[in-house]
Each structure stands twice: as C-alpha cells, then as structure tokens.
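In the working numbering, the protein residues as written are 1026 to 1301. C-beta atoms are modelled at their ideal positions from N, C-alpha and C, and glycine is treated no differently. Single-structure report; data block below.
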C-alpha cells in the first residue's frame, strides 16, 4: 500500500505536467485573466433581437464586442407573448454568472425591460431602436402614438397553432417590401437573406401590456434610428427621454444593428464601461 501511494505521488504530478505543458506561461508583467476577472469582472453582454429578425442580426456587434474582450450571449427571442418571452429571457439570465448588460432591439426592448426587473445582476439596459414601455403600455400602442410607421402596410397576418389547440395570428413582412421597410440601408442581397430568415411575431406579443419596467431602477442607454420606418424616431426619442436614458442618434433604418454595428457597439460599450 505504501509503495502504491508513493507511485501515485510521483505519477500524478508528472501526468498533469504533461497535459498542461503545452500551455503558454502567463507573462510576469501581466496578471492572469482569471485574476483580472476576479477583481474587476467584465459583464456578459446579452443581446435580445426583436420582431422580424433573429439572433444573427447581432453578428457584426458580437464580433466587435468579443474583440473588445466581453463575453456575449444572443439567445433566440420566442416572439410569442410579452409575459412568456420575458419569462424565457429570465431563464436565460439565470444561466449567466456575474454582472450583465442587457440589450434589446425593437420589441426586444419591451422584453428586457420586464426580464431585468428585480435582477440585481443587470447593471445596465441598452435600447437599440427599441420600445421602452411603462407599465400598462404595449408595443403596438406606443408605435401608433406618433406618426411615421409604415409597418402596417407591409405585413401579412397568418394563423399558427397554439399549445391549447386554438389558433393564434402572427405577422410577417412581405419579402418584396422587407428591404425598404425594415432595412433600407442594408445591401439588397443581405436584406433578401434577412427577409427569408425573418422570425414572425405573434400579434398578441405586440398587443400585450407591459408590467413594471426595470428602466425605472437600472441606468439605461438608447440608440435612436432616425430613418426607422417600423418605430417612429419620435416615439423612440420620447420613450428614451422619459426613461432618462443616455441618448445617441444615428441616421439608420430599423435594422441599425446590421447596417451600423460599429455605432451599436459603441453605445453598448459606453454602458458596460460606465457600470464597472
């Protein structure tokens, strides 16, 4: 038995050394990443897309945030109901360790406003051409509050089955009109791909009223897309001012995360750095 223990005592360190021997040593002049993160952890950036889009719309932003050294997560937003989508995002946030900066585009703004409520790990909210509803408000109601949206003229309703056996209604933008309506400043070929991969949104999600919003207790940033045809820029600006957000404006379509990812990244990084 003593001989066996002596063999293990000699063999285990040697085996571990062989396994990790290829790993480069950390320079003495630079602290290890784990030490840096332990003392000043960078928040995880969670990106939530909105209606008629998917998580790939954040691709340009994700690459830039990762290059800047931030962990990023871009989950799929179900787009089926505000309360249900909010609950789903909360479940995603529960899997994230450490502080979070929560970013929402379009209808995703309503989702992050609800999901962050009461979550002390969410340090900042960022609204990208997004809805910032107060309690009792809906996305549809806010979009109609100011003139300028032409979305209603470009969408087609279609039925889909509900889990209880009933039938719901979802909206899709006509493919031939998607470029001009949603992504006018995106190259035509790329906009055609976006039109083909668009995620339909349930009318119930746009009409459902919001609960108590997190922006009343969490600092927020907002990017206003002044050429937006889905949400009027006047509505985005009014909501952002009401929320006390740090506001940036850019001449861009509703698909600003696709057409202007550098600007979107700049706003997100400003929020992340201000909350560290």
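{"query": "Residues near residue 1149 in its chain [Cβ-Cβ closer than 6 Å; skip 5 each side]", "result": "1126, 1244, 1296 and 1300"}
{"query": "Through-space distance from residue 1082 to residue 1046, alpha-carbon basis", "result": "Its pLDDT being 36, under 50, residue 1046 is placed unreliably by the model, and nothing is read from it."}
{"query": "Bounding residues of the beta strand (DSSP E) (the contiguous stretch that carries residue 1246)", "result": "1245 to 1250"}
{"query": "Residue 1162, DSSP secondary structure in three states", "result": "coil"}
{"query": "Proximity test, Cβ basis, 9 Å: residue 1234 and chain B", "result": "In summary, chain B is missing from the structure at hand, where a single protein chain is found."}
{"query": "Burial state of residue 1119, where buried means 16 or more other Cβ atoms lie within 10 Å", "result": "exposed"}
{"query": "Within 9 Å, strictly: CB atoms of residue 1142 and residue 1230", "result": "no"}
{"query": "Exposure of residue 1091, with buried meaning 16 or more beta-carbon neighbours within 10 Å", "result": "exposed"}
{"query": "Delimiting residues of the beta strand (DSSP E) encompassing residue 1134", "result": "No beta strand (DSSP E) holds residue 1134; the alpha helix (DSSP H) holding it covers 1133 to 1140."}
{"query": "Inter-residue spacing [alpha-carbon to alpha-carbon] between residue 1241 and residue 1179", "result": "34 Å"}
{"query": "Which listed residue (1074, 1075 and 1079) has its alpha carbon closest to that of residue 1222", "result": "1079"}
{"query": "Element boundaries [alpha helix (DSSP H), containing residue 1200]", "result": "1200 to 1207"}
{"query": "Check whether residue 1227 and residue 1203 have beta carbons under 9 Å apart", "result": "no"}
{"query": "Segments of 4+ residues assigned as alpha helix (DSSP H) that fall wholly inside the segment 1062 to 1108", "result": "1084 to 1092"}
{"query": "Per-residue DSSP class, three states only, for residue 1272", "result": "strand"}
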